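Engineer: Sharing a structure below in structure tokens format, with a few things to ask.
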Ligand SMILES: Cc1ncc(C[n+]2csc(CCOP(=O)(O)OP(=O)(O)O)c2C)c(N)n1
Ligand SMILES: Cc1ncc(C[n+]2csc(CCOP(=O)(O)OP(=O)(O)O)c2C)c(N)n1
Ligand code: SF4
Ligand code: SF4
Ligand SMILES: [Mg+2]
Ligand SMILES: [Mg+2]
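Residue numbers (the working numbering), protein chains in the order written: chain G, 1 to 612; chain Y, 1001 to 1612; chain F, 2001 to 2340; chain U, 3001 to 3340.
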């Protein structure tokens, strides 16, 4: 892989290391994309997961469909860590093109499984090698031609399983789940797995230290990607329209909605859909459809990534100003511009907060786990309808497309909050209605839905300046009072968004603020720092605007590292704007190279700065 | 008008006031739009201007083509002030619909000219009334039917001129200029002017205190709107493509380019155009065309307002990241969303600075006078080609569409700066070329233009991540080093943008920072404050990013009022982000009701806060 | 006249809007009047209608009719997407969309075509005046090549024929009319309101302020001289059917989804609006002969509407009960099992 | 083979690009090969070409040919505007644009139509595979109604016919071809490069990874079975004219702006590509009969290019001297006089 190891690992020579390393390694499978290694990698990771061993899976893939290098990394961690690590201990080399590079990136004392038909030099003597007779095994198993590639990949599953001690029964179970119980593919693939394991048992002798053992740490957990989690959240949040346009890394969110909606949201009586999913012609149309539906009273959303967000700027301003509820998922990828579609980043924070010309302030939710992707998936609708404004959910490629463990998602207990909507009966009772009147003093006006059967119900939604009755007005006082109310509303928003997650440590000197997918790396980094005697306090933001708790945390700490994955220190900037009196407390710890942050990088940065 | 007087003016009773008020009043002509009062208002303001009296003209018009109230305000100022004032001393009432409101807004002691066929009550006794027999005069003059409305308006010109002492010869001269010397319309209109003046001489006796006298303060000056000035600047800056889409208040900039280009930029030999002006199908296409042309080596621009800026977000990110020079004029109007198309604001500052998803930082020029509209009109191209980046020029409706006095524009002395462009000869000499290599350490790379006749010339422009050779790369190190260079470039930008204008006062306690069209109001406000014993220092920003001088000013002052016309205190925020150590020094003085700021409001705000 | 109530007990005045702020004589105003008249005469409850528009003088006009209908004056060129979303959220309401030639043929062309592709069931009126009225008279994409406007100059580009665009996009209801022919506008509007799919009405609607010179093909005088209706159209509501009698030899009838009828009385040559090739040819002829050919140019009732294509429930999504929107607790547990 | 030099002294290898990263068998690769061959054979200097594209697998392909040409891989759906600007800045260069069906028919439809309206002189290739390749196989707007893709389901919407769109937009060069018919692609490309105006090539270019099932009208097998060329086309460069001989009864010729010829050898029935009505009919027939009709469908050389319509100088604007760009000091003083 393009990243080189920056942290030393034990070399085999060193005798203190002779005892085995159990459930604690990163294994990378280096393949060519489009050769169908997903099934085999899923089988490996799921088998490990079912053995009770904490795992995470990250796919590092090119912006390309077939023929370029791809790396799938499985990390097992006895302590349950799930962040990316710089070091790779086990390499499964299935791509000759990158072999030397991949080999070079192995940690000293590492292990290298490789296809025995490679013509390469094994130019490292601090690594254990196992050659894999892939072609031979294929000849033996004789899979159908069109499945050859897929089955071939099962060879490394069998060999690696045998050498690491992965239970083949779990591999079979994993395949059964993968193929939804279809016997034929399961048998075909297991045939190869067994043959390969068999071969390894006979021909290979274990020389390395790495192996796995059953554990009980994944009891009751699930393993999933964040986009699927977000899709399920939306479906359990009453999503009625998803209008979207394909874009990496957001597509799989809308596609998961498409895949699950029929089973979850078909009307039992009529057998008809209680929702609609429209692949729009572009992002302008996608958000336009969602806003039209939000205006008409449905729970509507769109999902996209950076370029789509840019195209949604004008419509976002309209929804903000006409006060239409809508949910927008931004699965962030590396920008500016088309950037790196298959690399992760947190670079849209500042732009989205102020998205739309003129004066705007948008609400952002910041999920930090797949559990929160699910939760914010439904909660975003409650907040959007309560506040009558666009609500952005900012995830990223790492959280959205990679595999994470999580407790099973909690079914939403609270009933849906549909916000301030007046029915015909309400109007009859009230006798009057002004769309943009601040009746309750919280800046949130009441609305009526099209089709409401009352002569008072109608109002004319518009992006132009308006008075309380939604009538066009150029009067300075109308403009000012409406904007003052809108600003009141942006404050009210603080009391409806999720609070941050706080973790103060005894005698903490330094404090950390972060958000989103950096959480696992920070958690691990803080443990390391603790070991090295540096206690830290940590606040994980889960939304913008900031709540009281955020203010309290900022007041309470003098040196605050803002850890994020972008070039400009964007969240740091939002914090400085919110707390000018503490502007100098915030120190940017930002790194933005397309790869998820590592605990190593964070802890090194902090101990360096803290003079540890 | 919708604004009510908030500042007391002398009442006629008060004897100290009996002596005349000369060259110092605001006169508003209240008409219905679409009735062609432009000619008459231009005649009045130009006549005053040619009498040597400092004037400004502001048109307050509805977002409508015909039939709604419009107010044209002419301010004369002996001291040469040109900002808007709350108080109106002279009303020329040509619109019965708004008469009562207009009358109410007159200052005590004011004057009211009104069409004598109005059926209204003259319910104020602190005002001098003059009825104007418009219909009668029409009968007398008998203009051709289709010109009736226009000529009718000349009636008030004649009467007002007579009563204030405006030289009719100057009125005639003004009309001659207006009609480019065409005798017929001049005569027709002067016929009415003379008849009306004649009538006034016979039937009206001067009862009010306001009059004008020749002065010499406009010697050698010009009077023009900012959009025309910007258009001329672009033409003298070598503009080669203007791609635009109509939008108020920006249209008149592109239209002025269209009107002047043929006379200024037709090739004498071939009689063909050395430029192109394309009305695009929308703003996405407009900026796309400009970027295509910028890439191909032409000086290209577009002009728009808020909604167009939102639509240009994605393309701006592309130009920023692929490093293509392009100039974008944003004639700001009131937002968010469609907002108030005919009201002024400075609400796009923050959005434009960060326009485009991912990490971006755009260069903004902030003209504060029509002279600077002209200067930045050509300079923007130099800066854009030097920095190879989008350069935004942020004007607004008040500066762009209203009439301002100015010294004649200075012809650009310096030769055009075409930036770092390599010719075929250069390539031959160098023997190699890497599009995105930081050869000079300033972050600005060298480029070649399509059509360059050398095998090394070609490079592939792209919005995707690239290495120094413009080849797609997902390598973390390529991404990081390219972004580091880009950030270096955003710093280099500081040394190419215009410095701020500083005016420090003796023993200044408070400091002001502002930009753009607020300058006249601030200048006047500071004089008032000075009179009241409050000295202030003032820095007018002319660009973002900020220069060394800006830093110095901020360091030097403890209390800094940031005066601007938006809801969120946007420039204040940019300053806080730039100078976190001084974040608490900045105090927002922002007002945003669609009308230009007044000296009165600013001085009141400051003396209140300064406890004067 | 004495106020008479229609079948839903409303007076004409119940269908009015705010006072227009458009110019005197603007074609858009006359179209607004026909919209009010049609809804009154068809006894449509204003609450069952939504008004949609983009940005422009034309797009302002929904403020000037049907005060009792909800409306959305959206963004320039984006009415189609907003309408699509609204109609997906509530398929029980009828949508009246008013756009302009700039709004539809320039910035909005993509959304226009894709809305027709999806057959979004809305009446899509283009008030076509060949210029950008609200921004003071620049050429729009429907202006004729070679047309000259003083102050602006000559238009060098070919016009977009919105009806031909509609044909290319397989729209099922394509009509052209003229604001100066209120009777035809009215009948076409009635028919469009009974059509389940996108119904496009390209109505030449003169801009008296910026583009009404006799030489302009978008002017009143030109329209009056060059309008050539392809038939005399009459809409017959369901209930009225029995009463109408007409000469079958002279008249062809088209039945609409709700059972109402369109009577097309043939003028000189007979014309079959269900024949796609004929429709395209007619448009080509009109362009060549520079005639303002008006009437129901093409109709095809066999295309499924967006909601049917998506097999959507009849109940408006906006009115679904919470339990229809949120799947059961059990379902969640069941599906999570696959992720263990 | 021994390297042979063309008329500008270049070898075939001087026209190659970077190694392709597209899938094996992707139709786009075969089109890239034809582009390289054509430029070599026509002896076009790579420095005189610009490559343009939007975003997609198709839009990536300009990286895989003509390394010695400048190129701009712009934004999704926005190639037309970028190309318009580039060609206004430098009318001396020739533009080769490569787009996809998603890039052109979905997000880019508006810009596509308006570029044709302005007759921007560029070769506009749509590598049409009916899906979004780069985002992994979703339907594009050219997918057939009713087509089923596993994992994705059925496409309920009507396809956009890009050639019909081009006709509606009065494009002067409209061709359809098939990546599986490299000879025809090559001749059409040559003709397009000699055409002064927008030349649209809608080339069915199978996506072997996501849409190559026999049942798909965008697959190789379907194309091979259903391709029906309307003529056998040969391009004859200016210099070669004298040598060619052909049977006039069998063959019609069309002369292009630069004097080169297109020979159209009639197959079964004869077809006149200068007849607009015939072209539209042909496209309608093709849709009805589900045949892949290929060849030069329509050509009209009489429309002025954008630059001529704008009366632009021949010199590339990018190459104008400073004194041509900046008017004189006197001119400024003169015009300011009007503002005193
Ligand atoms: C994104 C955007 N660009 C430009 C404008 C400015 N604008 C307002 S109306 C209009 C054109 C309207 O023309 P048309 O649709 O033909 O309506 P008409 O006024 O002629 O009835 C334009 C360009 C805008 N409001 N939004
Ligand atoms: C604004 C924007 N939206 C979405 C995308 C994601 N995207 C990349 S390629 C593509 C579709 C490409 O399809 P097509 O043009 O048919 O090209 P193909 O890959 O099929 O050759 C999309 C939607 C993007 N890059 N930019
Ligand atoms: S400007 Fe033209 S379109 Fe607009 S209201 Fe006036 S007449 Fe109608
Ligand atoms: S995904 Fe399809 S379009 Fe893209 S490269 Fe592969 S085959 Fe070609
Ligand atoms: Mg119009
Ligand atoms: Mg495609």
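The beta carbon of each residue, even a glycine, is placed where N, CA and C say it ideally should be.
As the structure is a prediction and not an experimental result, all values here were calculated from the model.
1. Here's the rule: buried if 16 or more other CB atoms are within 10 angstroms of the residue's CB, otherwise exposed. What is residue 2227 (chain F)?
2. Can residue 2310 (chain F) be considered in contact with ligand 2, in the sense that its beta carbon sits closer than 7 Å to one or more heavy atoms?
3. Secondary structure at residue 2402 (chain F), three-state DSSP: helix, strand or coil?
4. I'd like the list of long-range same chain contacts for residue 1352 (chain Y), defined as Cβ closer than 7 Å, with 5 residues on each side in sequence excluded.
5. On the criterion of 16 or more Cβ atoms from any shown chain inside 10 Å, does residue 2190 (chain F) qualify as buried, or is it exposed?
6. Which residues mark the beginning and the end of the alpha helix (DSSP H) in which residue 88 (chain G) is found?
7. Is the CB of residue 1095 (chain Y) under 8 Å away from at least one CB in chain F?
8. Taking all protein chains shown into account, do 16 or more other C-beta atoms lie within 10 angstroms of the C-beta of residue 485 (chain G), making it buried, or fewer, making it exposed?
9. Do residue 225 (chain G) and residue 401 (chain G) have their C-beta atoms closer together than 8 Å?
10. List, in order along the chain, the chain F residues whose C-beta lies closer than 9 Å to that of residue 3310 (chain U)?
11. Using the C-alpha atoms, what's the distance from residue 89 (chain G) back to residue 9 (chain G)?
12. Can you tell me whether residue 3207 (chain U) sits near ligand 1, meaning its C-beta is under 7 Å from at least one heavy atom of the ligand?
13. Measure the C-alpha to C-alpha separation of residue 299 (chain G) and residue 2240 (chain F) and round it to an integer number of angstroms.
14. Taking only beta-carbon atoms, is residue 281 (chain G) less than 8 Å away from chain U?
15. Are residue 2096 (chain F) and residue 2123 (chain F) closer than 8 Å when you measure CB to CB?
16. Who are the Cβ neighbours of residue 27 (chain G) in its own chain at under 6 Å, not counting the five residues just before and after it?
17. Label residue 1550 (chain Y) either buried or exposed according to how many other C-beta atoms from any shown protein chain fall within 10 Å of its C-beta, with 16 as the threshold for buried.
18. Taking the straight line between their C-alpha atoms, what separation do you get for residue 199 (chain G) and residue 223 (chain G)?
19. Is the shortest distance between the beta-carbon of residue 1302 (chain Y) and the beta-carbons of chain G less than 8 Å?
20. Taking a Cβ distance cut-off of 8 Å, strictly less, list which residues of the segment 3265 to 3281 of chain U are near chain F, in chain order.
21. Just checking residue 2129 (chain F) against ligand 5 - is the residue's beta carbon closer than 7 Å to any of the ligand's heavy atoms?
22. Check the C-beta distance from residue 2025 (chain F) over to residue 2208 (chain F) and give it rounded, since I have them as a contact under 8 Å.
23. Whole angstroms are fine: how far does the CA of residue 1046 (chain Y) sit from the CA of residue 1202 (chain Y)?
24. Near residue 304 (chain G), what residues of its chain come up, given a Cβ to Cβ distance below 6 Å and the 5 sequence neighbours on each side ignored?
25. My assumption, with CB atoms under 8 Å, is that residue 538 (chain G) sits in contact with residue 560 (chain G). Please give the rounded CB distance.
26. Name, going along the chain, the residues of the segment 1053 to 1069 of chain Y whose beta-carbon falls closer than 9 Å to a beta-carbon of chain F.
27. Return yes when at least one heavy atom of ligand 7 lies under 7 Å from the C-beta of residue 3226 (chain U), else no.
28. Ignoring anything shorter than 4 residues or poking outside the segment 1232 to 1264 of chain Y, list the alpha helix (DSSP H) runs there in chain order.
Structural biologist: According to the structure data:
1. Residue burial annotation: residue 2227 (chain F) is buried, with at least 16 other C-beta atoms found within 10 angstroms of its C-beta.
2. no
3. Any property of residue 2402 (chain F) remains undetermined from this structure, which presents chain F solely from 2001 to 2340.
4. 1309, 1330, 1362, 1364, 1392, 1394
5. buried
6. First-last for residue 88 (chain G): 88 to 93, but that is the beta strand (DSSP E), not the alpha helix (DSSP H).
7. no
8. buried
9. yes
10. 2156
11. Its pLDDT being 42, under 50, residue 9 (chain G) is placed unreliably in this model, and the value from its coordinates should be taken loosely. So the alpha carbons of these two residues sit roughly 8 Å apart.
12. no
13. So the two alpha carbons sit approximately 40 Å from each other.
14. yes
15. yes
16. So the list reads 74, 90, once near-sequence residues are dropped.
17. Residue 1550 (chain Y) should be labelled buried.
18. Near 31 Å, if we compare the C-alpha coordinates of residue 223 (chain G) and residue 199 (chain G).
19. no
20. 3276, 3277, 3280, 3281
21. Checking every heavy atom of ligand 5 against the Cβ of residue 2129 (chain F), one is found closer than 7 Å.
22. About 4 Å; that satisfies the 8 Å criterion.
23. 26 Å
24. Cβ contact annotation for residue 304 (chain G) (same chain, cutoff 6 Å, sequence separation greater than five): 247, 250, 283, in chain order.
25. In fact, because the Cβ distance is near 10 Å, the residues do not count as touching under 8 Å.
26. 1062, 1063, 1064, 1065, 1066, 1067, 1068
27. With respect to small molecules bound, the structure shown includes ligand 1, ligand 2, ligand 3, ligand 4, ligand 5 and ligand 6 and not ligand 7.
28. none
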